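Read in order, the letters of the sequence shown correspond to residues -30 to -1, 1 to 231 in mature numbering (1 follows the signal peptide of the UniProt record, and there is no 0). One structure is given below, encoded as structure tokens.
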Amino acid sequence: MNPYSKKSNAPTRTALALAALLVTAGAAWADTPVNVDPQATQALAAMGTYLRTLQQFTVSADSTTDVVDDAGQTLQFANQTELNVQRPNHLQGWVKGDEGTRSLYYDGSTFTLHGSENNFYASVPAPATIAELVADLSGKYGLETPLADLFYWGQGEQPELTSAQVIGEERLAGQICTHYAFRQPGVDWQVWIRKGAQPLPCKLSIIDAANAARPQHTATLKWQLQPHFSTQTFHFVPPAGARRIVLRPLDASAPAATPAQ
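Set out below in structure tokens:
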């Protein structure tokens, strides 16, 4: 059993593919989309451009995700996430949820994943940049880096928007944010973007419209653009009693994670 996956006796869950959506939202759109306000798409483009300029930051998120079990009942789960980023090649973060805390460390040469519930960790050689790491973890190991697609918003294949609206201004956690709503085949989604010279996403809400239960993922984001990191921030030190396992690629014949020899 993979200690970083859901328990084997947990119900099968159908969750929203947040990362897949975020990486496609950008500045180029279909030639003649329906009911698309150009102000909304321009705001997304500006946000993506700004996000890609950030070289060092901390972003945290309080999120809820609806999932659908085998009986068709919608369940909601809460998570807290934080990422510390120093481009191009340092990343540290954690996700706290129903399975304890899962932490990740990347120092430019090694990636480590640690799960608090079983006190297991795995370390693998890592590529030279965060962008390459995110792709490597997903393609080779089936691991999605939390919030990482926010860094690369606007790069990749563009969505086929059928609607884009400017809803209006709202105050979120003391910030004035502009609320935008979008639709594309199978997905209804919203984003709140901070007004001013730092157009950061304040909140995201995504609904799987292709699912009759319409499960939803919502995340409220907080940003620190001048964090102070030490050389130890991105370096993993095994806690007492931690057990190392081997993280194997998806195409390997052995289980994804096995005890290290």
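Backbone N, C-alpha and C define an ideal beta-carbon position, used for all residues, glycine too. Please read all numbers here as calculations on a predicted model, not as lab measurements.
Item to check | Residue interval of the alpha helix (DSSP H) (run including G18) | outcome: Where G18 is concerned, the enclosing alpha helix (DSSP H) starts and stops at 8 to 21.
Next on the checklist: Taking 9 angstroms as the threshold (C-beta atoms), are I177 and Q168 in contact?
Outcome noted: It is not a contact, given that the beta carbons lie outside the stated cut-off.
Checklist entry - Starting from L191 and walking both ways along the beta strand (DSSP E), at which residues does that stretch end? => result From DSSP, the beta strand (DSSP E) with L191 extends over 186 to 194.
Checklist entry - What residue from L21, Y75, H60, L170 has the CA that sits closest to V94's CA? => result Considering only alpha carbons, the answer is Y75.
Next on the checklist: Taking DSSP's pairing of strands, which residues face T71 in a bridge?
Outcome noted: Paired residues: K66.
Item to check | Residue range of the alpha helix (DSSP H) that includes A105 | outcome: For A105, the enclosing alpha helix (DSSP H) stretches over residues 100 to 106.
Checklist entry - In this structure, what does DSSP give as the bridge partners for T44? => result For T44, which the question treats as bridged, DSSP gives the partners V38.
Item to check | 8 angstroms contact criterion, which V29 and L117 should meet: CB distance rounded | outcome: So it is a contact: roughly 6 angstroms between Cβ atoms.
Next on the checklist: Looking only at its chain, what residues have a beta carbon closer than 8 angstroms to the beta carbon of A212, apart from the 5 residues adjacent to it on each side?
Outcome noted: Here A212 has H84, N89, F90, Y91 as same chain residues with Cβ atoms under 8 angstroms from its own Cβ, once five neighbours each way along the sequence are excluded.
Checklist entry - Buried or exposed: where does L21 fall if 16 or more other Cβ atoms within 10 Å of its Cβ makes it buried? => result By the 10 Å Cβ count, L21 comes out buried.
Item to check | Sequence-distant residues of its chain with Cβ nearer than 6 angstroms to S73 (five each side left out) | outcome: Excluding sequence neighbours, S73 sits near W64, H84.
Checklist entry - Of the choices F206, R218, L195, A183, whose alpha-carbon is the least far from that of L45? => result Closest by C-alpha distance to L45, out of F206, R218, L195, A183, is A183.
Next on the checklist: If I measure Cβ to Cβ from T71 and keep anything under 6 angstroms in the same chain, skipping five residues before and after, which residues do I get?
Outcome noted: W64, S86.
Checklist entry - Do you know how far the Cα of F206 is from the Cα of V216? => result If you draw a straight line from the Cα of V216 to the Cα of F206, it comes to about 16 angstroms.
Item to check | Cβ neighbours of G138 in the same chain (closer than 8 angstroms, five flanking residues each side left out) | outcome: Cβ within range, chain order: T148, H149.
Item to check | In chain order, each alpha helix (DSSP H) run of at least 4 residues that lies wholly inside the region 142 to 175 | outcome: Complete alpha helix (DSSP H) runs here, min 4: none at all.
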